[in-house]
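S.K.: Residue numbers for the sequence shown follow the working numbering, beginning at -8 and rising by one. Structure provided below as structure tokens; questions to follow.
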Amino acid sequence: MIFPDGWDSDEVKRMCGEKTDKYTLGACSVRWAYILAIIGILDALILSFLAFVLGNRQDSLLAEELKLENK
């Protein structure tokens, strides 16, 4: 994990406690950030897979319609 340089700023120390330092979070956590990042990655993978599958299905449907029109 890359630690930002701002963990030891005054604002963060007020919110997370005095034990907050450059590489320690004190009473704060980044739990929701990890969960939301994982959900976002899974969402992007699922939606890209669905777009690929539905795009291929639409191509085959259009090809059948064009074959019927050309006859």
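Where a beta carbon is used, it is the ideal one built from N, C-alpha and C, also for glycine.
(1) How many angstroms separate the CA atom of Y25 from the CA atom of Y14?
(2) Which two residues bound the contiguous alpha helix (DSSP H) that contains V3?
(3) From L38 to E9, what does the alpha carbon distance come to, in whole angstroms?
(4) Given V3, which residues of its chain have a CB within under 7 Å of its CB, disregarding the five upstream and five downstream residues?
(5) Looking only at its own chain, which residues have a Cβ that is under 6 Å from the Cβ of A18, when we skip the five neighbours before and after it?
M.R.: Once the coordinates are examined:
(1) 18 Å
(2) D1 to C7
(3) 43 Å
(4) G(-3) and T11
(5) C7 and G8
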